[in-house]
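Quick note, the sequences are listed as chains A and B, same order.
So that you can map any letter, position 73 of the first sequence is 78 in the working numbering, and since no number is skipped, the others follow by simple counting.
So that you can map any letter, position 270 of the second sequence is 340 in the working numbering, and since no number is skipped, the others follow by simple counting.
Ideal placement from N, C-alpha and C gives every residue a C-beta, glycine not left out.
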Amino acid sequence: MKISFEINGASRTVEIEDQHTPLLWVVRDRLNLKGTKFGCGKAACGACTLHVDGEAVRSCSYPVKFAEGKQIITIEGLGDEKNPHPVQQAWIEEIVPQCGYCQPGFMMATAALLNKVPNPTDADIDQNIFNVCRCATYYRMRKAIHRAVEIQETNKPKTEA
Amino acid sequence: MTKEKKKLSRRKFLVRGGLGTIGVLAVGTYLFRNTIRRGIAGMVNTADTPYMGNTSTPIIWFEITAQNKVIVHSPKVEMGQGTFTSLAQMAADELEVGIDQIQVVHANSISGNIDGFATGGSTSVSALWVPLRELAATMREMLKNEAAEKIGISVSEVSVANGVVLGGGKTMTYADIARNVKEWDVPDTPMLKDVKDYKFVGKAIPRVDLKDKVFGAPIFGMDASMPDLLFGAVVRPEYIGAKYIGADISKAEDMPGVVKIIKENDFVGVVATSLIEAENAKEVIEAEWQVERNWQTADIEDMIKVGKGEPFLIQKEGDAEEILDDSEGLITSEYKSPIGAHAQIEPNGALAHVEENKVTIMMSTQVVKITRDEIAERLDMDADKVNIVPTFLGGGFGRRLHTPNAVQAAVLSKAVGKPVKCFFTRKEEFQNDTFRPPTHHVLKAKLTSEGAIKAIEHNVSSGDVAFGSPMLPGIAEPILGADLGAWRGGMIQYGAIPNFRTISWRQKLPFATSWWRSLGLLANTFAIESFMDELAITAKVDPVTFRLSQIQDDDRGFRLKEVIKAAAEKSGYTDKVIKGRAMGFAVSTDANTPCAQVAEVSVVNNKIKVHKVTCAMDPGLVINPDQVRAQCEGAIIMGMSAAMFEKMDIKDGQLTPTIYGPYQMALMKHAPKEIDVVLLQNSDTPGAVGEPPLGPIGAAIANAVFRLKGERLRSMPLELS
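Set out below in C-alpha cells:
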C-alpha cells in the first residue's frame, strides 16, 4: 500500500508491503534519515522519539499506517547548524552529549515538551522526560532544558514597537 | 608536586611494551610463586598502561587536506569518553594549528594505525600523551624541513603558526608544503613544548563531535549503509549455557523478503531485504538448543560466596591473618552486589561486505584488531584483507570489548555476496550480554584502643572479568592467579594501616561475565568504603578524619588525602542530619586516580533520593576540564543507577528482565539536581578519568542513609527495609 505524509517539510509517499512496519524503519531505511535511533523496539527507551503532528512519538512502536496524512519532524528537521532549534542551541552551549546516541530522542522529547509547557519546572521535566541515557548526561540535560527556555524567550519576535 | 614515573625507553617511535610483556617476563621462573603474583598484581594496579600500536611514523597518523586542515586518524575509538577532543587538543598544540583546523576520525584497520590492545580501561589519553605529541611535533618538523627546502633556505630561518610556515619572505600552508611530496624524511623527535605554553591542552574546548551529535549526523555503527544493502538476523540463545544443535528452517524460507537462510555449524541466520522481514523470518526458524541445567538466581548466589572457588592473596602487609584470627574485638561485615547489564542504547551489530578478496566491516567496537583477526580466521583470509572501519559507538562501557557478532555478519554477507547489516534486538542484548559479575565481600578488622585500624582484611568473591577475554592471553591466567578486573578497586588503599591483606576468590559462572565500566571498582569500593564508615562510627571519629589518619605519607597518599580534604571542604561535610538530609562520604583510588565523593540524601516514602553529590578527583594533568567534569557527572549518575536500581535475575535458565523499565535504571527524575566537581592536578601527566569517578558513589549513598535512618545497607541495589 501507499502511505503519504509530510516529513521535515517535504511531502513523501512510500510504497510499503506491511503497513504495521514501525515508522522508525521507514524513516531510517527507506527515507535514509538516520538521526532517529533504534534502542529497544518496545517504546521503553525513547531513542526513536520524533514528532507526529507536534506530539513526541516513540516511532519504534508506531505503525507507519498511522502516519498517513500527518506531519512528521525528525532531528534533521528540528534545526540545522545555521538555524538550530533553541533546544539544539542549548545542547551545544551546555555541551550535553557524550556518546550521543540517545540525544536526538531527548532533544525531540524536550522540543515537544516546550511546545506544550514553554517554561517547565524541574517537576515538569522529571515527569515528561523519561528517555534513557546510559552515559547518564541527565545533569547537563536539565540545565540545557532550562537554557532552551531562555533562548526561546530571546528568539521570540518582539510584539511591541 | 612532581611524581616519580617509571621512564620508558625514549628511543623514538619504538613500539612500546605492554601488558603482554609483563606476562612474558614473569613466565618460566616464577610461575607459581605467590609473592610474584602479588608483585604483578601491584604493577597492574598502579602502572601506567603504555600505548600498544604503531608510533614509528607520523604519516599513518596525520593527513593534510587541500583546505589546510589536519585529519588525525585515531586508533582509539570515541564512545562518549571525549578522547577525540583530547587528542585534537594534544595534536593541535604540537602541530601548531588551530583547534578548528583539526579533525579526528577513526583509523581504518588497513591504514596500519591499529591499537594492539583495545579502547578501554580509562587509558586512551594517558597512553597517547607522550607518543601522540611526539608524532605531532615530528610531523611539524617534517613540514618545516620540507618548506625550507622548497623555499631554498635553512630550516632555522622558518617559523610556523596556525598551519602556515613563514620564511625567506614567503608563506606556505601545510597543504602547499605537503602537496606532491612522495617521501618524507622522519627526523629525530624534537623536544616537546612546555605544558604551560600549550594553547589548547588544559582548556575547556567544546567536544569536537558536538555538532554531529546535536544535529543527528549518521555517525554510529547502526547508521552505516552501503548500496544494495541487505539485512541479517541471527537466532541467538535464550537460555544460559545453550549450545546450538541445529535448526528447522522450512517455515522461514517462504517468509516475505527472505533472500537466504544460512545454516552454519555454530549458528543459523537469515538475510532479507529489510530489517523487519529478516526479524520476522528469524522468529519462525525453529532452532534446537542443548541446555545442561535450569539455572536460577539462587544457584549463582550460592556460587558467589567468599570461601568458595579459588582464593588468591593479592595484597599483604604485616600480619592481618593472625591478628584477625580470634573473635576478640573483631568487627566483621558482609556485602553483596548483583549481576549488572551494560544496557548501552546502541545494540551490538555490524555492517559486513565480503567481496572476492576483500572484507569491509563498519561497526561500533572497542577491539578493532581482535575483531579483524577473528573475521580473517573465520573466512580464512589474510588479516590485511579485512578492513574494520570503526564508527562512533552508541555507548561502550566494556560491552564492545569483544564483538564476535561481526563474524556472523561477515558469514551472512559472504553467503549472499552482498553487504549485510545485522544487529541484536534489545531482548537479545539483555540475554546475551557479557555481564558485570555479582560479588560477595567479607570485611574484617580490629581497632586499636585509640580507634585506629590495627588490621583489616578484604575477601572478595566474583565471577570473571578479565579472564576468558580475548584481550588477555591465556598464559596470563596462571601468572596472575586472580582476575585483575574482578579485584580492580579491591585493594586496601590506606597504607598507614600496619596489617592488611586482600584475597580474591575466583568463581567461573555459567554465563558470560566481563568488563563493565570500572570493572570491580564499583562493588569493591561499595564494600570497603561502607565498612570504613562502620569502623569510623565504632571508633567514634568522623569519617573524614578517620580516613585521613590511615593514609601513608608518600605521593600516592598525598594525592589521596588531598581529594578527601577537598571533597569534605567543598561539601561542608557534617555527620549531622540537617533538614531531613544526611551526607555520606566515600573515596576510592582507581588506576592511580583518587576520587572522593559526598552524597547528600533524604528518604521519602522509604525511597532514597540523592539531592547533591560533591566529587573531588585528581586525574593528574587535565587536558579538558569540561570533559573531565562531564565524565564525573555521568559516572556518578551511572554509578547511582547501578547502586540503587539495576539488577539482573535468573529465572528457569533465562536472564531477565530483557527490556528497559523492568531493568530499572536511573532516569532524569533520579538524577541529583546538583553535582559539584572539584578537579585537583597533583601529577604532571594525565591519568585515568572515565572510570574512577564511578567508585565511591554506592558507598557514599549507603553511608548517608545510615546517618539518616540508622539502617546499614549492605547489598546493592540499595533498598530500605
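| query | Is it buried or exposed for residue 161(A), if we count other Cβ within 10 angstroms and need 16 for buried? | reply | Working through the first sequence from its first residue, we reach residue 161(A) at position 156. Burial call: exposed.
| Which class does residue 481(B) belong to by DSSP, given the choice of helix, strand or coil? | Here residue 481(B) refers to the residue found at position 411 of the second sequence. Of the three classes helix, strand and coil, the one that applies to residue 481(B) here is helix, per DSSP.
| said: Pop quiz: residue 317(B) and residue 357(B) are said to be a contact at Cβ under 8 Å. What is the actual Cβ separation, rounded to whole angstroms? | reply: For the purposes of this step, residue 317(B) is identified with residue 247 of the second sequence, where counting begins at 1. For the purposes of this step, residue 357(B) is identified with residue 287 of the second sequence, where counting begins at 1. 4 Å between Cβ atoms; contact.
| Identify the residues that DSSP records as bridge partners of residue 527(B): which are they? | What you label residue 527(B) is simply residue 457 of the second sequence in a count that begins at 1. Beta-bridge pairing links residue 527(B) to 514(B), 571(B).
| request: Let me know the alpha helix (DSSP H) ranges lying completely inside the region 545 to 613 of chain B, each 4 residues or longer, listed in chain order. | output: 546 to 550, 591 to 609
| Coil, strand or helix - residue 779(B) by DSSP | Reading the second sequence from its first residue, position 709 is the one you call residue 779(B). Correct three-state label for residue 779(B): helix.
| task | Could you tell me whether the Cβ atoms of residue 696(B) and residue 633(B) are closer together than 7 Å? | result | On the second sequence, position 626 is the one that residue 696(B) refers to. On the second sequence, position 563 is the one that residue 633(B) refers to. Going by C-beta atoms, residue 696(B) is not nearer than 7 Å to residue 633(B).
| message | Distance check for residue 722(B) and residue 447(B), CA to CA, integer angstroms please. | response | Counted from its first residue, the second sequence places residue 447(B) at position 377. Counted from its first residue, the second sequence places residue 722(B) at position 652. Between residue 447(B) and residue 722(B), the C-alpha separation is close to 36 Å.
| field | Amino acids of chain B, ordered along the chain, whose beta-carbon sits closer than 8 Å to that of residue 122(A) | value | Numbered from its first residue, the first sequence carries residue 122(A) at position 117. In chain order: nothing, as chain B lies at least about 15 Å away.
| What is the C-beta distance between residue 771(B) and residue 671(B), in whole angstroms, given that I count them as a contact (C-beta under 8 Å)? | Position 701 of the second sequence, counting from 1, holds the residue named residue 771(B). Position 601 of the second sequence, counting from 1, holds the residue named residue 671(B). 6 Å between Cβ atoms; contact.
| message | Please list, in chain order, the residues of the region 758 to 786 of chain B that have any C-beta partner in chain A closer than 9 Å. | response | none
| query | In terms of residue numbering, what span does the alpha helix (DSSP H) encompassing residue 96(A) cover? | reply | By 1-based counting over the first sequence, the position of residue 96(A) is 91. Element bounds for residue 96(A): 91 to 98.
| Closer than 7 Å, Cβ to any Cβ of chain A: which residues of the region 323 to 354 of chain B, in chain order? | 326, 344, 345, 346
| What is the C-beta distance between residue 500(B) and residue 725(B), in whole angstroms, given that I count them as a contact (C-beta under 8 Å)? | Locating residue 500(B) in the second sequence gives position 430, where the first residue counts as 1. Locating residue 725(B) in the second sequence gives position 655, where the first residue counts as 1. That pair is a contact at about 7 Å.
| Going along the region 7 to 23 of chain A in order, which residues come within less than 9 Å of chain B, judged by CB to CB distance? | 22, 23
| task | Check residue 442(B) in the structure and name its three-state DSSP category. | result | Stepping through the second sequence from its first residue, residue 442(B) is reached at position 372. Correct three-state label for residue 442(B): helix.
| said: Run through chain A and tell me which residues come within less than 9 Å of residue 703(B), C-beta to C-beta. | reply: In the second sequence, residue 703(B) corresponds to position 633, counting from 1. Under the 9 Å cutoff, chain A gives 141, 142, 143, 144, 145.
| field | residue 715(B) versus residue 789(B): straight-line alpha-carbon distance, rounded | value | Residue 715(B) sits at position 645 when you count from the first residue of the second sequence. Residue 789(B) sits at position 719 when you count from the first residue of the second sequence. Cα to Cα, the separation comes out at about 9 Å.
| task | Would you kindly report the start and end of the unbroken beta strand (DSSP E) that includes residue 43(A)? | result | The residue you call residue 43(A) lines up with position 38 of the first sequence. Element bounds for residue 43(A): n/a, residue is neither H nor E.
| message | Against chain A, with Cβ distances strictly below 7 Å, would residue 687(B) count as a contact? | response | To locate residue 687(B), count along the second sequence from 1; it is residue 617. Answer no: the Cβ-Cβ gap between residue 687(B) and chain A never drops below 7 Å.
| task | Report yes if the C-beta distance between residue 665(B) and residue 763(B) is below 7 Å; otherwise report no. | result | For this step, residue 665(B) is matched to residue 595 along the second sequence. For this step, residue 763(B) is matched to residue 693 along the second sequence. Going by C-beta atoms, residue 665(B) is nearer than 7 Å to residue 763(B).
| request: Report the residue from 412(B), 449(B), 678(B) whose alpha carbon sits nearest the alpha carbon of residue 469(B). | output: As a working note, residue 469(B) is residue 399 in the second sequence. Checked all of 412(B), 449(B), 678(B); the closest Cα to residue 469(B) is 412(B).
| message | For the structure I just gave you, are there three or more beta carbon pairs, one from the region 18 to 32 of chain A and one from the region 703 to 717 of chain B, closer than 8 Å? | response | no
| field | beta strand (DSSP E) segment containing residue 660(B), residue limits | value | Position 590 of the second sequence, counted from the first residue, corresponds to residue 660(B). Residues 652 to 660.
| Just how far apart, CA to CA, sit residue 54(B) and residue 415(B)? | Outside the modelled stretch of chain B, which goes from 71 to 791, sits residue 54(B), for which no answer is possible.
| Relative to chain B, which residues along the region 88 to 113 of chain A have a C-beta separation below 7 Å, given in chain order? | 93, 96, 97, 100, 102, 103, 104, 105, 106, 107, 108, 109
| Closest Cβ-Cβ distance between residue 71(A) and chain B: below 7 Å? | On the first sequence, position 66 is the one that residue 71(A) refers to. So, not an interface residue.
| Interface residues of the region 281 to 295 of chain B facing chain A [CB-CB below 8 Å] | 281, 282, 283, 284, 285, 286, 287, 288, 289, 290, 292, 293, 295
| Closer than 8 Å at the beta carbon, the chain A residues around residue 711(B) | Stepping through the second sequence from its first residue, residue 711(B) is reached at position 641. Those are 141, listed as they occur along chain A.
| request: Output yes or no for whether 7 Å exceeds the beta carbon distance between residue 155(B) and residue 278(B). | output: For the purposes of this step, residue 155(B) is identified with residue 85 of the second sequence, where counting begins at 1. For the purposes of this step, residue 278(B) is identified with residue 208 of the second sequence, where counting begins at 1. For residue 155(B) and residue 278(B), yes; Cβs fall inside 7 Å.
| field | chain A within 7 Å of residue 733(B), Cβ atoms only | value | For the purposes of this step, residue 733(B) is taken as residue 663 along the second sequence, with counting starting at 1. No, its Cβ sits nowhere closer than 7 Å to a Cβ of chain A.
| residue 261(B): CB within 6 Å of a non-hydrogen atom of the ligand NAD | The ligand NAD is not among the ligands present in this structure, which contains no ligands whatsoever.
| query | Under a CB-based cut-off of 7 Å, is residue 134(A) close to chain B? | reply | As a working note, residue 134(A) is residue 129 in the first sequence. Yes, residue 134(A) counts as interfacial toward chain B.
| request: Report back the beta-carbon spacing between residue 208(B) and residue 256(B) to the nearest angstrom; my notes put them in contact at under 8 Å. | output: On the second sequence, residue 208(B) is found 138 positions in, with the first residue counted as 1. On the second sequence, residue 256(B) is found 186 positions in, with the first residue counted as 1. At roughly 6 Å, the Cβ-Cβ gap stays under 8 Å, so residue 208(B) and residue 256(B) are in contact.
| Is residue 449(B) closer than 7 Å to residue 432(B) when the C-beta atoms are compared? | Along the second sequence, one-based indexing puts residue 432(B) at 362. Along the second sequence, one-based indexing puts residue 449(B) at 379. Their beta carbons are not under 7 Å apart, which means residue 432(B) does not touch residue 449(B) by this criterion.
| said: Out of 101(A), 87(A), 105(A), which one is the CA nearest neighbour of residue 293(B)? | reply: Translated into the one-based positions of the second sequence, residue 293(B) becomes position 223. Here the closest residue by C-alpha is 105(A).
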